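Here the structure is laid out as structure tokens; the discussion comes afterwards.
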Amino acid sequence: MSNLPEPSRVAAAGGQQSRQRDIRKIDDVPARYRNHPSFGTMIDDPAHHGDPNGKVLREAMTAIEAEFSGAVKGPVSRSDTPYIDFYDGEGHPFDIKTPLSPDKGDKWEFDPVSNAQTILHQLDMDHPNKYTGKNEPVAVMMDTTYMTPRDRDALWHELRKNTKDDRALLKRVFEVNVDLDGRKPVRAKQPLTAAQLAVLSGRGR
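Just so we're aligned: the sequence shown equals residues 552 to 756 in my numbering.
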């Protein structure tokens, strides 16, 4: 994955943990994401047998935001296996993590250790590139929309602490915040690559 872009970073966590539970059905998804031409396929998650529950909807929003913001090259596409969540426009496999901070009044606390471990576990995985078919390390797209800045800092502290011997791992951790209010500009979509055109025409893998 040497041709992955530089990993995206957010300026701060979204602090929207109180709104995470608002995304439960398709009508709850902001039009910014519902109007994406691939939204229908992005919510068809084989890991959930095609059921567009809240988790699946939020993951679709994350992947589309990664394309919209330029965090990855588009167009993004949903994985056809339950082992990763989506591919970027060059076929690189990505898994999505959406850590959640407690809301006011919640009786639980954010656990940076366990959240870091789930991310590091995914970074230890390989998966075939969508277009080349060759195995490559999985990247993680971390959606920090529903985290507090403090919890995000704690999570990154754990990630850095556990990658002292291989800092390159963190180059496969990308970040985005979704736009729950539809105010961010959308970057111009990237054109299809030659590999994508070959697949769409039936000449590729």
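For glycine and all other residues, C-beta sits at the position ideal for the given N, C-alpha and C. Since the model is a prediction, treat every value here as computed from it, not as a measurement.
The beta strand (DSSP E) enclosing V664, as first and last residue numbers: Reading the sequence shown from its first residue, position 113 is the one you call residue 664. Looking at the DSSP string, V664 is not in any beta strand (DSSP E); the run it does join, the alpha helix (DSSP H), is 663–674.
So for R629, helix, strand or coil by DSSP? Residue mapping note: residue 629 aligns to position 78 of the sequence shown, counting from 1. In this structure, R629 counts as strand in the three-state DSSP scheme.
What's the gap between the Cα of E616 and the Cα of D730? Residue numbering aside, residue 616 sits at position 65 when the sequence shown is read from its first letter. Residue numbering aside, residue 730 sits at position 179 when the sequence shown is read from its first letter. Straight-line Cα distance between these residues: approximately 8 angstroms.
If I follow the unbroken alpha helix (DSSP H) through P688, where does it start and stop? Against the sequence shown, residue 688 aligns to sequence position 137. Unbroken run through P688 is the beta strand (DSSP E), 686–688; no alpha helix (DSSP H).
Identity of the residue in Y697, H708, P556 nearest K624 by Cα: Against the sequence shown, residue 624 aligns to sequence position 73. Ranking the options by Cα distance to K624, first place goes to P556.
What residues match up with H678 in a beta bridge as DSSP calls it? Taking the sequence shown and counting its residues from 1, one reaches residue 678 at position 127. Paired residue(s): E687.
Just mark N586 as buried or exposed, buried being the case when its beta carbon has 16 or more other beta carbons within 10 Å. Here the question's residue 586 lines up with position 35 in the sequence shown. Classification of N586: exposed, given that the 10 Å Cβ count is below 16.
Considering only residues of the same chain and omitting the five flanking positions on each side of A622, which have a CB-CB separation below 6 angstroms? Your numbering for residue 622 matches position 71 in the sequence shown. Cβ neighbours of A622 beyond the five flanking positions: S559, F725, V727.
Under 9 angstroms, do E618 and G591 count as touching if we go by C-beta distance? One-based indexing of the sequence shown puts residue 618 at position 67. One-based indexing of the sequence shown puts residue 591 at position 40. No, Cβ-Cβ distance for E618 and G591 is not below 9 angstroms.
Please determine if the region 709–724 and the region 676–683 are in contact, where contact requires at least 3 C-beta pairs separated by less than 8 angstroms. no
Assuming K606 is part of the alpha helix (DSSP H), what are its boundary residues? On the sequence shown, residue 606 is found 55 positions in, with the first residue counted as 1. Element bounds for K606: 605–619.
Exposed or buried, which one is P644 when buried takes at least 16 other CB atoms within 10 Å? Residue mapping note: residue 644 aligns to position 93 of the sequence shown, counting from 1. Per the 10 Å Cβ criterion, buried.
Hey, is P588 close to the ligand HEM, as in C-beta under 8 angstroms from one of its heavy atoms? This structure simply doesn't include the ligand HEM, nor any ligand for that matter.
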